[in-house]
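Just below is one structure, and these are the notes that go with it.
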Amino acid sequence: MNRRPSFQKKALMVASAICAFALALPTTSAHAQRSVYDTTDDMRRIPIPKVDRSNDPVIALKGGTVLDGNGGKAITDGVVVTQGDRILSVGTAGNVTIPQGAQIIDATGLYIMPGLIDLHIHFTQQRGSDLAYYSNDAASSAIRGTVLAKDLVEAGITAARDVGTGGNVALRIKEAVDRGIIKGPRVFWSGGLLASTGGHGDEITSTATGRPKNSSGGKSVANGPWAWRVLVREQIKAGADWIKISAPAQKEEIEAAIDEAHSHGIGVAIDSWGHYTDTAIMAGVDTLEHPLDMSDKAVSLMKRHGTAFVPTIGAFHNLFTTGYETAHIVPGGFYHTFSRRFAIDHQDHLKQITKAYKAGVPVGVGTDIPFENEVRYPDAYFLELGYLKEAGMSNEDVLASATRVGANILKIGDKLGTLEAGKIADIIVLGDDPRVDLAHLRNLHYVIADGKIAFEKVAR
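Using numbering that gives the first Met the number 0, you'd call the opening residue of the sequence shown number 0 and step up by one each time.
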């Protein structure tokens with residue numbers, strides 16, 4: 000009789016030995032591994048050494064009404080304690096211990112809530128009415144973008160997604176904010192706009208002006224699915240938190256870009272219209288920017304596939320009603336633009352938001368003001384909130400879109416968007432209740448961004 004163990008028995012014996020050896024080793028679970036490092040506070044989640052905040056300054060906001068952003072009841076006589084760039088504790092005065100030596104901010108009669116999020120900014124597009132008299136390059140746009148960053152954070156906008164810019168200016172603004180060199184919101188950068196040859200972003204004339212421009216012809220323009228994959232890889236290599244794609248494009252190009260980004264854990268936004276939008280939604284795009292020429296089935300597709308909606312109504316309301324005089328764009332529509340041969344209608348845009356909101360599609364807040372930023376920001380953000388309300392959203396849901404929902408859309412809801420222990424200390428303090436009137440968001444008393452006081456109202 001053959002007494003040698005069978006192949007199956009041998010395999011079982013080996014497996015048992017491996018299991019016994021593994022049990023004798025120190026714990027190596029994913030949780031244990033995570034406990035030895037932190038990650039960067041962006042979508043890239045790059046491991047960094049564990050951060051020690053034990054000696055960082057402590058700030059305590061005391062006595063205010065806390066709207067923590069989770070949708071529950073407000074906390075009256077509330078306390079929010081921060082240490083360094085993190086929230087240490089949130090609760091009622093009787094339940095929260097304020098460490099000795101903390102900087103106390105008396106918030107009695109005030110309202111404390113998470114910082115606001117703008118999901119659609121272009122830092123390099125800010126320009127002045129006198130720009131025609133001066134050269135415009137990466138350095139000048141960086142200077143203007145730095146001014147815009149300060150204006151945003153001092154208005155309570157503590158996080159902004161830059162969705163497609165020239166060069167790496169917005170990335171450097173992000174780094175400068177992170178390093179404390181300049182004041183601004185935390186920036187999430189999506190690199191350059193990915194386009195097919197002659198598509199949106201690579202037209203021979205500037206959008207809606209008819210004025211000739213040099214075709215970009217750079218690394219953000221390519222043709223074919225593999226070429227689009229390479230562009231995505233290059234953007235991620237350069238440090239992109241998100242990828243921004245545009246239409247027109249082939250179905251295979253759109254699918255390839257989304258698949259490639261998702262394989263790296265990076266989200267994708269699209270500037271699109273018509274059947275290109277439907278294609279992108281079905282391919283798994285994460286956010287749809289703008290309500291342009293949407294099909295009758297777009298919203299139901301968004302709901303089915305988990306696509307978020309960033310409508311940017313103000314950008315098109317301005318185009319439709321006033322134009323942008325300093326950019327020589329007359330009001331009325333997308334004139335002189337080959338890639339956008341359709342009319343725009345403000346009421347139709349509002350109807351798309353209403354439909355999406357009622358269907359349960361996540362709706363975020365984005366401005367996308369392309370011109371005259373020096374005079375239109377930060378008002379553009381608060382006007383955008385008004386458009387969402389005009390579309391039928393409640394004040395509470397608009398506030399959620401500006402905070403918790405926006406953070407979830409960014410795929411960073413575990414770190415931003417609500418006031419909870421362990422989350423990033425991005426906080427605004429208001430003089431009046433924003434649930435009663437969204438205009439009260441303009442009555443800022445304090446802005447705390449990344450745990451530091453970025454704005455303090457001066458008593459007069």
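We put the CB at the ideal spot given by N, CA and C, even for glycine. This structure is a prediction, so every number in the text was calculated from the model and none was measured.
Assignment of M301 by DSSP, reduced to helix, strand and coil, places it in the helix class. Ranking N442, S299, Y356 and T196 by CA distance to the CA of D378 puts N442 first.
Classified as buried, A279 has 16 or more neighbouring CB atoms from the shown chains inside 10 Å of its CB. Pairing K61 with V35 gives a Cβ-Cβ distance that is not under 8 Å. Taking the Cα positions, R185 is about 27 Å away from S393. For a cut-off of 8 Å, the C-beta gap from F381 to L440 is around 6 Å, short enough to register as a contact.
Listed in chain order, the non-local C-beta contacts of A141 below 6 Å within the same chain comprise V168, local neighbours out to five positions each way being set aside.
For G71 and D396, the gap between their C-alpha atoms comes out near 12 Å. Sequence-distant Cβ neighbours of G412 in its own chain, meaning closer than 8 Å and more than five residues away, are R403 and A406. Looking from the CA of Q102, the closest CA among E252, G83 and T91 belongs to G83. Contact between I343 and F319 holds, since their C-beta atoms are separated by about 6 Å, short of 8 Å. For S262, there is no enclosing beta strand (DSSP E); the residue is found in the alpha helix (DSSP H) stretching over K250 to S262. Taking P98 as the centre and dropping the five residues before and after it, the same chain places the C-beta of V57 closer than 6 Å to its C-beta, in chain order. Under the rule that a run must span 3 or more residues, the beta strand (DSSP E) segments found entirely inside the stretch 162-235 read 185-188. By the Cβ rule, the stretch 154-173 does not count as touching the stretch 258-266, because fewer than three pairs are nearer than 8 Å. Our two residues, G163 and K49, have alpha carbons roughly 32 Å apart in a direct line. Note on geometry: alpha-carbon atoms of Y386 and Q346 lie some 10 Å from one another. For the pair D292 and M42, the Cα-to-Cα distance works out to about 30 Å. The beta carbon of E455 is closer than 7 Å to those of Y445 in its chain, skipping five residues each way along the sequence. Around the Cβ of F337, a 10 Å sphere holds fewer than 16 other Cβ atoms; the residue is exposed.
Taking the C-beta atoms as reference points, D161 is found nearer than 8 Å to I120.
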